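Below is one structure, written out as structure tokens; the observations come after it.
Numbering (our numbering), first residue to last: 4 to 616.
Here you go:
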């Protein structure tokens, strides 16, 4: 450092002055000596060496400071030394009946914590620190703790429980009792008394002040009042003994496991805890409600027995709290159908399908009741009967009775004006008999004359004039014909399908209809593909004055209408019964909760012979 200071002083006295041909070294002080080039190089090397040493020193200081910080952050682990043994900080050990621990070099001890005992006279065995209960004694249905006096009916005998063994000692009345002044044959004994007494005056009969819950005993010169069993006191005042406050002994109770003691005047009772069944007057055992049937689980639930109770869990496919379970259908039952079993819907009459999503075509199945002169017309959820051409309904209600219509009188016949119209049953005939050669059997169709045998073609019908009568028929759709007209036969267009609004696995072909939210929907062919068109559904006519509309139906129905009854589909036969907020499958049986004497069964209600419309 001295060299550096000296050199620094020399350098401060040197100036380098720029000149035209280089640099000049000029000493400002006359008496100063400027350093040579060699001296300057030595000076430079010395400075660089000192700089390197300083950097090394800085690095060592930083490392030292880091170690110091680590040391300062360390928590010194102070051990404890006890009787030549070393215990680390935090260690615990037992010394005699003390539990000791080392806390930062200091030994801290506290008595061992003993568990609570359940007996009256616990004993500390040699070598043990905590008291324990010895064996009990069982005598005439009662358990006695060790060291407890045992109630004995024999006079002058004292019994005591000693570690499970009943030890009795006989008391000698000759040494323990006073001498009596009456003959032995007159001496009498008193309950719970070892000594005998001589008869004397009936002091009890003369009047006494014994408590109502005490017994008056005549003695030689007086009477004595003794509280009855279950009471305690001096006989003049007797109070009820609350046996439930103590366990065992003369004043305690002997209720066993799974019971609760209920005190009463002069006695007590051991009541079973909920879920337990009585074994004797003092003990109860666990009761399996599931195996005995004493449970309130739903018929479609599983009963699981637990300690002192049970739990109910709905079976797979059912939902609820176990006491009430209802079936679950992954697909919502449509059109008023009811879920009566897992993934099984019971449909209203007129509907079918796993989710009651499809109309039941009563006409195609032949279950419709229409007049022989009527035609069955299927509708979503119902059907109606319309009279065939040539017939008309006998009533304004479009009932099932159809009568012949006189087309000649109603001017519906297509006979030529020169021909004679003759009405027939359900039709008519055109005749030229007696009409002369001008008579024609051509047809008048939409104001145009069509020659006999001539044909008239519309979009989807073929008509022919047959002896003055236009006869039309709709060609049968041949879906295998590649030239089939899809406008007239939309059901043949397999490429055009409509997906149900909710049941995404149900598809309808073009022309098919279904019900959705009280609307009739139809799958239509369009230029850009299939489209769904929905409109308000048509309801069947009702034959009552006050029809009703239920919450799960769209159309008004008569209350006694058998169509309001449910009938099962292929997956769930039978009609369900509404009970406790859910539907029970026909034929099933169950018991009413809390009433073991009543059982219920769902039976199919009989329907009328007539079909539903």
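In this text, a Cβ means the ideal position worked out from N, Cα and C, and glycines have one as well.
Being a predicted model, the structure only gives us computed values, none of them experimental.
How would you write the range of the beta strand (DSSP E) that residue 378 sits in, first residue to last?
-> Within the chain shown, the letter at position 375 stands for residue 378. Per DSSP, residue 378 belongs to the beta strand (DSSP E) from 377-382.
Could you check if residue 340 is buried or exposed, using at least 16 other CB atoms within 10 Å of its CB as the buried criterion?
-> Translated into positions along the chain shown, residue 340 becomes position 337. When all chains shown are included, residue 340 counts as buried.
Got a sec, what are the start and stop residues for the alpha helix (DSSP H) residue 368 sits in?
-> Residue mapping note: residue 368 aligns to position 365 of the chain shown, counting from 1. Here the alpha helix (DSSP H) through residue 368 covers 365-368.
Start-to-end residues for the beta strand (DSSP E) that takes in residue 294 | Position 291 of the chain shown, counted from the start, is the residue given in the question as residue 294. Taken as a continuous stretch (DSSP letters only), residue 294 belongs to no beta strand (DSSP E), being part of the alpha helix (DSSP H) at 292-295.
Using alpha carbons as the reference points, say which of 274, 312, 100, 229 lies closest to residue 291.
-> Taking the chain shown and counting its residues from 1, the one referred to as residue 291 is at position 288. Ranking 274, 312, 100, 229 by Cα distance to residue 291 puts 312 first.
Distance between residue 137 and residue 226 (C-alpha atoms, nearest Å) = Walking along the chain shown from the start, residue 226 turns up at place 223. Walking along the chain shown from the start, residue 137 turns up at place 134. Rounded to whole angstroms, residue 226 and residue 137 show a C-alpha spacing of 42 Å.
Please classify residue 257: does DSSP put it in a helix, a strand, or coil?
-> One-based indexing of the chain shown puts residue 257 at position 254. Under the three-state reduction of DSSP output, residue 257 falls in the coil class, being neither helix nor strand.
Please go through the same chain and pick out, in chain order, the residues whose beta-carbon is closer than 7 Å to the beta-carbon of residue 173, but skip the five residues on each side of it.
-> What you label residue 173 is simply residue 170 of the chain shown in a count that begins at 1. The residues are 159, 160.
Could you check where the alpha helix (DSSP H) with residue 207 kicks off and where it finishes?
-> Translated into the one-based positions of the chain shown, residue 207 becomes position 204. In this chain, the alpha helix (DSSP H) harbouring residue 207 covers 206-209.
Using the C-alpha atoms, what's the distance from residue 298 back to residue 309?
-> Taking the first residue of the chain shown as 1, we reach residue 309 at position 306. Taking the first residue of the chain shown as 1, we reach residue 298 at position 295. Distance between the alpha carbons of residue 309 and residue 298 is about 12 Å.
Which residue from 529, 519, 128 puts its Cα closest to that of residue 539?
-> Looking up residue 539 in the chain shown gives position 536. Comparing Cα-Cα distances from residue 539 to each of 529, 519, 128, the minimum goes to 519.
Look at residue 247 and residue 266 and say whether their C-beta atoms are less than 7 Å apart.
-> Translated into the one-based positions of the chain shown, residue 247 becomes position 244. Translated into the one-based positions of the chain shown, residue 266 becomes position 263. Their beta carbons are under 7 Å apart, which means residue 247 touches residue 266 by this criterion.
Sequence ranges, beta strand (DSSP E) only - wholly within the segment 324-376, length at least 3 | 328-330, 341-344, 347-351
Every unbroken beta strand (DSSP E) inside the segment 434-506 [3 residues or more] = 446-448, 451-453, 458-460, 465-469, 472-476, 500-502
Pull up the distance between the alpha-carbon of residue 125 and that of residue 102, whole angstroms please.
-> Counted from its first residue, the chain shown places residue 125 at position 122. Counted from its first residue, the chain shown places residue 102 at position 99. Cα to Cα, the separation comes out at about 22 Å.
Of the choices 197, 202, 180, whose alpha-carbon is the least far from that of residue 186?
-> The residue you call residue 186 lines up with position 183 of the chain shown. Closest option to residue 186, Cα to Cα, is 202.
Within 7 Å, strictly: CB atoms of residue 419 and residue 443 = Start at 1 with the first residue of the chain shown, and residue 419 comes out as number 416. Start at 1 with the first residue of the chain shown, and residue 443 comes out as number 440. Yes, they are a contact pair.
For residue 66, which three-state DSSP category applies?
-> In the chain shown, the residue the question calls residue 66 occupies position 63. Correct three-state label for residue 66: helix.
Supposed contact pair residue 381 and residue 366 - C-beta distance, whole angstroms, cut 8 Å | Here residue 366 refers to the residue found at position 363 when the chain shown is read from its first residue. Here residue 381 refers to the residue found at position 378 when the chain shown is read from its first residue. Your pair residue 366 and residue 381 checks out as a contact, with CB atoms roughly 5 Å apart and the cut at 8 Å.
Cα-Cα separation between residue 130 and residue 254, rounded to whole angstroms | Numbered from its first residue, the chain shown carries residue 130 at position 127. Numbered from its first residue, the chain shown carries residue 254 at position 251. In a straight line, the C-alpha of residue 130 is about 34 Å away from that of residue 254.
Please determine, among 423, 86, 514, the residue with the shortest C-alpha to C-alpha distance to residue 494.
-> If you number the chain shown from 1, residue 494 lands on position 491. For residue 494, the nearest C-alpha among the options comes from 514.
Return helix, strand or coil for residue 179, following the three-state DSSP convention.
-> By 1-based counting over the chain shown, the position of residue 179 is 176. Reduced to three states, the DSSP call for residue 179 is helix.
Chain-order list of residues whose beta-carbon lies under 6 Å from that of residue 98 (same chain, five-residue window excluded) = Along the chain shown, read from residue 1 onward, the residue named residue 98 stands at position 95. Excluding sequence neighbours, residue 98 sits near nothing in its chain.
Please state if the CB of residue 325 and the CB of residue 304 are separated by a distance shorter than 7 Å.
-> By one-based count along the chain shown, residue 304 stands at place 301. By one-based count along the chain shown, residue 325 stands at place 322. The answer is yes: Cβ separation under 7 Å.
Below 6 Å CB to CB, which residues in the same chain sit around residue 307 once its five sequence neighbours on both sides are set aside?
-> The residue labelled residue 307 in the question sits at position 304 within the chain shown. Within the same chain, residue 307 has close Cβ partners 314.
Out of 259, 268, 269, which has the shortest C-alpha to C-alpha gap to residue 279?
-> Position 276 of the chain shown, counted from the first residue, corresponds to residue 279. With distances taken between Cα atoms, residue 279 lies closest to 259.
Would you mind reading off the limits of the beta strand (DSSP E) that contains residue 270?
-> By 1-based counting over the chain shown, the position of residue 270 is 267. Element bounds for residue 270: 270-275.
Are there three or more Cβ pairs, one per stretch, closer than 8 Å when the segment 464-477 is compared with the segment 442-456?
-> yes
From residue 206 to residue 221, what distance separates their C-alpha atoms?
-> On the chain shown, position 203 is the one that residue 206 refers to. On the chain shown, position 218 is the one that residue 221 refers to. If I take the Cα positions, the gap works out to 6 Å.
Report yes or no: is there a C-beta of chain C within less than 7 Å of the C-beta of residue 299?
-> In the structure shown, chain C cannot be found, because there is only a single protein chain.
Identify whether residue 249 lies in helix, strand or coil by the three-state DSSP scheme.
-> The residue given as residue 249 occupies position 246 in the chain shown. In the structure shown, residue 249 sits in coil (DSSP, three-state: anything other than H, G, I, E or B).
Can you list the beta strand (DSSP E) stretches of 3 or more residues lying completely in the segment 107-159, in chain order?
-> 109-114, 140-142, 145-147
Please state if the CB of residue 377 and the CB of residue 388 are separated by a distance shorter than 7 Å.
-> Along the chain shown, read from residue 1 onward, the residue named residue 388 stands at position 385. Along the chain shown, read from residue 1 onward, the residue named residue 377 stands at position 374. Result yes, Cβ atoms of residue 388 and residue 377 sit closer than 7 Å.
From residue 427 to residue 406, what distance separates their C-alpha atoms?
-> Stepping through the chain shown from its first residue, residue 427 is reached at position 424. Stepping through the chain shown from its first residue, residue 406 is reached at position 403. Whole-angstrom Cα-Cα distance: 12 Å.
Which residue from 372, 375, 379, 386 puts its Cα closest to that of residue 362?
-> Residue mapping note: residue 362 aligns to position 359 of the chain shown, counting from 1. Of 372, 375, 379, 386, the residue nearest in Cα terms is 386.
Would you call the segment 539-554 and the segment 502-510 in contact, with 3 or more CB pairs under 8 Å?
-> no
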